[in-house]
Every structure is written in C-alpha cells, then in structure tokens.
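Everything in the sequence shown is counted per the numbering used here, starting at 313 for the first residue and increasing by one. One structure is given below, encoded as structure tokens.
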Amino acid sequence: MFCPACGFENLPGTDRCEDCMEPLMKLDVPQPRMGLQQRLMEDAVSHLDPVPPISLVVDAPVIEAIQLLKDRKVGCVLAVEGKHLVGIFSERDLLYKLAGSQNSLDQIRLKDVMTAHPVTLGLEDSIRFALHQMSIGGFRHIPIVKEKIPLGIISIKDVLRYINRSVLQQESEQSSSHANG
C-alpha cells in the first residue's frame, strides 16, 4: 500500500506509514460489518486500558528484572535509557537467553539479554493492528509509547478481556432488544 503523503510503499495492513508515520488506517481496510468485528477494527488500543509500564534502567542487573517479573506477577519489564524505551525483557528472554547460563545473574546486565527496539504502538492505533503485530511478531506484549516514552503496555490477555467484555455487552444488548421488541 502506497502512502498518499510521501509515496512510500508499505506492507498491506500497516496502520502508519513506516517512512513518514502518516496514518493509513482508513485506506485499503475491509469495512467491518457490525458488533465485535467492527469494534476490533475501529477501536483504539486505549480501549484495552493499558497497564502502567514496569521499567528498569538498561544497565540494571538482570536479577532485578527477574525479581520484578516474579514480585509483580507480570510477563515483561521495559528497559529504558533516561525516559526513552530501548528494549523489553520478557519471560521468553529469561527462558531462551538465561536458562542454563553459567554466569551469575547479578553480573549480567539487562541490556545484554533484553530484546532491543521492540515493536511499539500508540494509544490511537487499532486493536486490529495490535493483534496483527502480535501475530506476525510472535509476541504477547506490546509497549504503548508516545515519542518513545512508555505510557503503558498491552498483552494478549488484555485483548481477550476486551473481546469477552464486548461479547457480553453484545449479548446483553441483544437480549434487552428481544425483551423490548
């Protein structure tokens, strides 16, 4: 899909031009019919109520990140330099990059095992786009940022919770319209 603002050729399904960041959401998008499908395609990730991010400085010992995962019962910790997001450390990073390591965990820095430059979204991006990014990227968490500053984080659990609420709301609306009709 070509960006009408700058002419850059983007991948189909992209919400923003990868070159100039111009919104492409309304271009080349199938029109939703109704109900849940419409909500998923049109509602922004802000409807998922992103949780405040848990973050550590990038030079922190990884043992601190592991302790935060455990204590806060979360699946990831964001790595920051100053206020800017530079990486994400998840349970998957713990498993694949640290399991069986012979190094002392207090000697390993977060920057050495985090996933650098994670995919991010803005509060205005669609839930559909969030699901698309999770699907093609194979991850469960996406940081929500504004100008590289973390505002929150969403997970696949948040999307499932949103879908459940939407289905229950739709069923409630249908049953009340049948009772009144």
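A virtual CB, placed ideally from N, CA and C, is assigned to each residue, including glycine.
Query: Supposed close pair Val374, Leu422 - CB separation, criterion 8 Å; Result: 5 Å
Query: Between the CA atoms of Leu443 and Val471 - distance to the nearest angstrom; Result: 8 Å
Query: Which listed residue (Glu483, Leu397, Gly434) has its alpha carbon closest to that of Met426; Result: Leu397
Query: Whether Ile448 touches Val357 by CB criterion (7 Å); Result: no
Query: 8 Å Cβ shell around Val392 - same chain, five flanking residues per side excluded; Result: Ser367, Leu368, Val369, Val370, Val398, Pro462
Query: Three-state secondary structure assigned by DSSP to Ala377; Result: helix
Query: Extent of the continuous alpha helix (DSSP H) to which Ile448 belongs; Result: 439 to 449
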